[in-house]
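Protein chains in written order, with my numbering: chain A, 393 to 954; chain B, 1286 to 1569.
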Amino acid sequence: MSESAIQIRIGGEAGQGLETVGQLLARGLVRCGYEILVSQNYMSRIRGGHNFFSVVMDNEPVLSPASGVDLLIAMNGETVIRHRGELREGGHILADASQVEEDAEDVLAVPFSELVPEKLYTNTAALGSAAALLQLDREIFENLLREVLGGKSEDAAKKNADAFAGGHSWILDNSRPLQGPPSPALQQGERLAMSGNQAIALGAMAAGANFCSFYPMTPSTGVALNLAAQAEELGIVAEQAEDEIAAVNMAIGASFAGARSIVPTSGGGFSLMAEGISLAGMTETPLVIVLGQRPGPATGLPTRTEQGDLQLALYSGHGEFPRAVLTPGTPEECFDLTYRALDLAERSQSPVMVLTDQYLADSIRAVALFSLKDLPETTKPGTETEKPEEYVRYAFDQGGVSHRLLPGTGTHLVVADSDEHTPDGHITEDLSVRTRMVDKRLAKRRVLEENAVPPEMDGPEEPELLLLTWGSSKGAVLRAASDLRKQGRSVGTLHFRQVCPLVPEQFLPRLRSAGRTVCVEGNATGQLARLIRQETGFTVDRLIHRYDGLPMDAETIHAQLD
Amino acid sequence: MVSSQDFGEFETAWCPGCGNFAILEAVKRALADSGTAPHQALFVSGIGQAAKSPHCMRCNLFNGLHGRALPVATGAKLAHPDLRVVVQSGDGCTYGEGGNHFLAALRRNIDLTLLVHDNQIYGLTKGQASPTSSAGHVTKAQPRGMPSDPFPPTAVALTMGAGFVARGFTGMPDLLAETIREAMAHTGIALVDVLQQCVSFNRVNTFAWYKQRCYELEADYDPGDWHAAMQRCLEWGDSIPVGVLYKSEHRRPLRSYYPFLEKEPLYAQKRDLDSVERIMREFE
Chain A
393 MSESAIQIRI
403 GGEAGQGLET
413 VGQLLARGLV
423 RCGYEILVSQ
433 NYMSRIRGGH
443 NFFSVVMDNE
453 PVLSPASGVD
463 LLIAMNGETV
473 IRHRGELREG
483 GHILADASQV
493 EEDAEDVLAV
503 PFSELVPEKL
513 YTNTAALGSA
523 AALLQLDREI
533 FENLLREVLG
543 GKSEDAAKKN
553 ADAFAGGHSW
563 ILDNSRPLQG
573 PPSPALQQGE
583 RLAMSGNQAI
593 ALGAMAAGAN
603 FCSFYPMTPS
613 TGVALNLAAQ
623 AEELGIVAEQ
633 AEDEIAAVNM
643 AIGASFAGAR
653 SIVPTSGGGF
663 SLMAEGISLA
673 GMTETPLVIV
683 LGQRPGPATG
693 LPTRTEQGDL
703 QLALYSGHGE
713 FPRAVLTPGT
723 PEECFDLTYR
733 ALDLAERSQS
743 PVMVLTDQYL
753 ADSIRAVALF
763 SLKDLPETTK
773 PGTETEKPEE
783 YVRYAFDQGG
793 VSHRLLPGTG
803 THLVVADSDE
813 HTPDGHITED
823 LSVRTRMVDK
833 RLAKRRVLEE
843 NAVPPEMDGP
853 EEPELLLLTW
863 GSSKGAVLRA
873 ASDLRKQGRS
883 VGTLHFRQVC
893 PLVPEQFLPR
903 LRSAGRTVCV
913 EGNATGQLAR
923 LIRQETGFTV
933 DRLIHRYDGL
943 PMDAETIHAQ
953 LD
Chain B
1286 MVSSQDFGEF
1296 ETAWCPGCGN
1306 FAILEAVKRA
1316 LADSGTAPHQ
1326 ALFVSGIGQA
1336 AKSPHCMRCN
1346 LFNGLHGRAL
1356 PVATGAKLAH
1366 PDLRVVVQSG
1376 DGCTYGEGGN
1386 HFLAALRRNI
1396 DLTLLVHDNQ
1406 IYGLTKGQAS
1416 PTSSAGHVTK
1426 AQPRGMPSDP
1436 FPPTAVALTM
1446 GAGFVARGFT
1456 GMPDLLAETI
1466 REAMAHTGIA
1476 LVDVLQQCVS
1486 FNRVNTFAWY
1496 KQRCYELEAD
1506 YDPGDWHAAM
1516 QRCLEWGDSI
1526 PVGVLYKSEH
1536 RRPLRSYYPF
1546 LEKEPLYAQK
1556 RDLDSVERIM
1566 REFE
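Shown next as structure tokens:
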């Protein structure tokens, strides 16, 4: 976060419409030309509790969450009590006058109940007040409100507009705008306000995903809901399964018959899918699983974040078979890598996992429009063959990746088996066939290696300090590196967007050229550091962890480096 | 014309006298009688001796995990609704390991034929009690006798709203073939619970045991009467009714909730980037 950034926090109970305000504010800020980082902090309950949205607005990309609050929007009294201590100098509290008794100089007690037609619209009024305080373009927000909330009914649209105007005018009449919001550096328009989950769903749609089987589980449910919302227009079957075992098996069946399948889940559900992952490996059926990590073991902290399941993704499923594990760090990478995962699963006829976490899944950022027409074509299964009577599904002579035909699209027969099988797919206990089949399946690792996404490097060639990381800790690492360079230090970064298979030539020289290597991960045991040591023999000098349920940030890195 | 010879003859690994032989023949006849060629059928099976049956005939096959045949079949049917999908597995696989999927598939009314080889015993693992074993049935795993009452597949299916519930018996091969053919013609999920002997591991419910008890439903039996059907589903002991117990197409099959499947199957869809572009712009 730069010096000029403004940190806004919106707090209240579940059920007070915080999410609506948070998302409207996010989209409005992006339309106004700001860079944003909106992260959610919610408790595992439907009503009550204490939830909050953190919104950082800046005129340069916001890479890392940070502490401190400039504008606290308190929808209840508890928010004031909990967050007052975080208020920075010159900060303000915008509160509902009926909820707070405090009469301090920095509290703007807005009589929302007098400004809104019904209590339900308090959140929209608070948005109006915030927009006025931050001197944001009023018309942009009015248009946004009409687009987003206007569709319900004319009455609701008018009440929302009135509530917004009420909150907005009260600030103009009774207060001064907040000191020093940064002016937008970017042109308005042509950008999206998008979360990791939304970007994954969009990447899947762009890749032609048309089958999503899932069992609801935080933080991944949003992927399925975003796909289900477009079921009619895009022809997507989004089927809620009876459990995660069914979800993964349905996806495998759909893939086998020619759908492009994606399965979102989280740790506990993913554990239940382990046998299915093994089945995809054995039957060589394309399968993409999105694993949104949250703190475990077991139910852990269901609505918080962690990067604790990297090793789980690497080793889930019994037996030996190739796989790929992709680890996006931003919404842009969520889009790109999901698109890639769906192609790679078909290309390698293997399971491919995309790892996110609650922080990345839920946090919204400003993202440039994706150039859909420039996306490469994706790999497709076959539907016909010249000599259908001779077709066998698992032919040995095709370099591991055998020609995959779909059942029922010609007179050929497709036979797949979870037992060890002969090239025609039938069960066998011929042990020489077994050895050849294992070799055939493992040969597909070459395809995965050829398509491996290299780690992203930044900074000098031979840095004194190299920070390496994976997934959602990327932003915090980039921010910390930038801070340290400003202090004159020579700092490089290495962000792994794929952790399996690892191709050492892509990163080992970089590790060796650094004076000191520090691995930054949102877990307690340093799972990437361990993996690198296992695959290359290279031991990183130090680990920086965070595993309290909150996302990695630059402040944590600085504190642990010193 | 499709004939049962089109499905081929294969070597099996079953005991002589196994009920699987009769079921295999009945399946081939039902496919031929319904005009389904081998490439038009997709069999999905789990694990167990029953689940190996489709390996013994020419057809498309996905032989998956123990208990998980129904979800695989559900996915495949939605992806390619023109396939004639048959799930074929045993009582342990379908009602035990896959019990939750059994309930969910019935509720979902996915359009497929569910053929369960029910021999009231685990054969492949050599003789433990299955979900349909009678209470008190003594095995090496249940030396003091099976403590639970048996799972009643047809009654449960009826309770869950299934539109086609039938019972077959390997000792009535013509009726079995005809019942399976009728099940395949049904729109929605169709259960055929096939009573069969296990000559190696079930010394209680032998072929003779079934033969003595099984009787064909009367010619004037009305399979449209749900309450009468429930009575016949629960009829078990000295007499066991065999045939189509219940039949009704009052429920919508799952695919009708995805109307776009009528236009083209998922495998044939072209991705629509213009729509994706419009959806992307909703986030502006």
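All residues carry an ideal CB built from backbone N, CA and C; glycine is no exception. Computed from a predicted model, the values in this text were never measured in an experiment.
### Query
Apart from the five residues on each side of it in sequence, which residues of its chain come closer than 7 angstroms, Cβ to Cβ, to R877 of chain A?
For R877 of chain A, where only same-chain residues beyond five positions count, the Cβ hits under 7 angstroms are V883.
### Message
My output table needs one value for E582 of chain A: the three-state DSSP class, helix, strand or coil.
### Response
coil
### Query
What runs of the beta strand (DSSP E), each 3 residues or longer, lie entirely inside the segment 711–742 of chain A?
716–718
### Message
If you follow the beta strand (DSSP E) that L876 of chain A is in, where does it begin and where does it stop?
### Response
Looking at the DSSP string, L876 of chain A is not in any beta strand (DSSP E); the run it does join, the alpha helix (DSSP H), is K866 to K878.
#### Entry: Of the listed residues A:T814, A:N535, A:G482 and A:T514, nearest to S490 of chain A (C-alpha basis)
Of A:T814, A:N535, A:G482 and A:T514, the residue nearest in Cα terms is A:T514.
#### Entry: CA-to-CA distance, R419 of chain A to S587 of chain A, given in whole angstroms
The straight-line gap from Cα to Cα measures roughly 11 angstroms.
### Task
Starting from the C-beta of G460 of chain A, find all residues in its chain whose C-beta is less than 7 angstroms away, skip the five residues before and the five after it, and write them out in chain order.
Annotation for G460 of chain A: Q399, E478 and R480 place their beta carbon closer than 7 angstroms to its own, counting only its chain and skipping 5 residues before and after.
### Query
Do you know whose CA, among B:F1492, B:T1455, B:A1420 and B:G1331, lies nearest G1384 of chain B's CA?
B:G1331
### Task
May I ask which residues mark the beginning and end of the beta strand (DSSP E) holding W862 of chain A?
L857 to W862
### chain B contact for F713 of chain A (CB, 8 angstroms cutoff)
no
### Message
Can you give me the C-alpha to C-alpha distance between T675 of chain A and A760 of chain A, rounded to a whole angstrom?
### Response
39 angstroms
### Query
Within the chosen definition, does the segment 828–836 of chain A reach the segment 1355–1373 of chain B through at least 3 CB pairs nearer than 8 angstroms?
With a cut-off of 8 angstroms on Cβ pairs, the segment 828–836 of chain A is not in contact with the segment 1355–1373 of chain B, counting fewer than three such pairs.
### Message
I'd like the list of long-range same chain contacts for G1320 of chain B, defined as Cβ closer than 6 angstroms, with 5 residues on each side in sequence excluded.
### Response
V1287
### Query
Along the segment 1341–1358 of chain B, what residues have a CB closer than 7 angstroms to any CB found in chain A?
R1343, C1344, N1345, L1346, F1347, N1348, G1349, L1350, R1353, P1356, V1357 and A1358
### Message
Give the list of continuous beta strand (DSSP E) stretches no shorter than 3 residues that lie fully inside the segment 646–702 of chain A.
### Response
653–658 and 679–685
### Query
Ordered along the chain, which non-local residues of its own chain (more than five positions away) have a Cβ less than 8 angstroms from that of T820 of chain A?
D811, E812, H813, T814 and R826
### Message
Counting only beta-carbon separations shorter than 8 angstroms, does G1293 of chain B have a partner in chain A?
### Response
no
#### Entry: Under 9 angstroms from the C-beta of H1402 of chain B: neighbouring residues of chain A
None at all; the shortest Cβ gap to chain A is about 17 angstroms.
### Message
Out of A:G688, A:L512, A:N468 and A:G907, which one is the CA nearest neighbour of P855 of chain A?
### Response
A:G907
### Task
On the DSSP bridge assignment, give the partners of S605 of chain A in chain order.
A:E631
### Task
Kindly indicate if chain A contains any beta-carbon less than 8 angstroms away from that of K1411 of chain B.
no
### Query
With 16 other CB atoms within 10 Å as the buried threshold, where does I465 of chain A fall?
With a 10 Å radius around the Cβ and a threshold of 16 neighbouring Cβ atoms, I465 of chain A comes out buried.
### Query
Excluding sequence positions up to five away, which residues of its chain have a Cβ less than 7 angstroms from the Cβ of V807 of chain A?
R785, D816, G817 and H818
### Query
Is the beta carbon of T1455 of chain B within less than 7 angstroms of some heavy atom of the ligand MN?
Of ligands this structure carries none, so the ligand MN is not represented either.
### Query
How is the alpha helix (DSSP H) around N566 of chain A delimited, first residue to last?
E546 to N566
### Query
In the DSSP assignment, what residue or residues form a beta bridge with S1402 of chain B?
The sequence given here places His at residue 1402 of chain B; Ser does not occur at that position. Paired residues: B:G1375 and B:V1479.
### Message
With a threshold of 8 angstroms between beta carbons, is Q1554 of chain B in contact with chain A?
### Response
Yes, Q1554 of chain B counts as interfacial toward chain A.
### Query
What separation, rounded to the nearest whole angstrom, lies between the Cα atoms of D462 of chain A and G483 of chain A?
4 angstroms
### Query
Quick one, which residues of the segment 641–656 of chain A are near chain B if we go by CB-CB under 7 angstroms, in chain order?
N641, M642, A643, I644, G645, A646, F648, A649, G650 and A651
### Task
Examine chain B for any beta-carbon lying closer than 8 angstroms to the beta-carbon of E804 of chain A, and answer yes or no.
The amino acid at residue 804 of chain A is misidentified as Glu; the sequence shows His. True, the Cβ-Cβ gap to chain B drops below 8 angstroms.
### Query
Between E625 of chain A and M849 of chain A, what straight-line distance do the alpha-carbon atoms span, to the nearest angstrom?
39 angstroms
### Task
Count the C-beta pairs between the segment 1519–1538 of chain B and the segment 756–774 of chain A that are closer than 8 angstroms, then say yes if the count reaches three, no if not.
no
### Message
Can you pull the chain B neighbours of D809 of chain A, defined as C-beta to C-beta under 9 angstroms?
### Response
H1340, L1346, F1347, N1348 and G1349
### Query
Can you name the residues that DSSP bridges to D850 of chain A?
A:T885
### Length of the line joining the Cα atoms of A601 of chain A and Y1543 of chain B
15 angstroms
### Query
Who are the neighbours of V1329 of chain B on chain A, taking C-beta pairs under 8 angstroms?
G645
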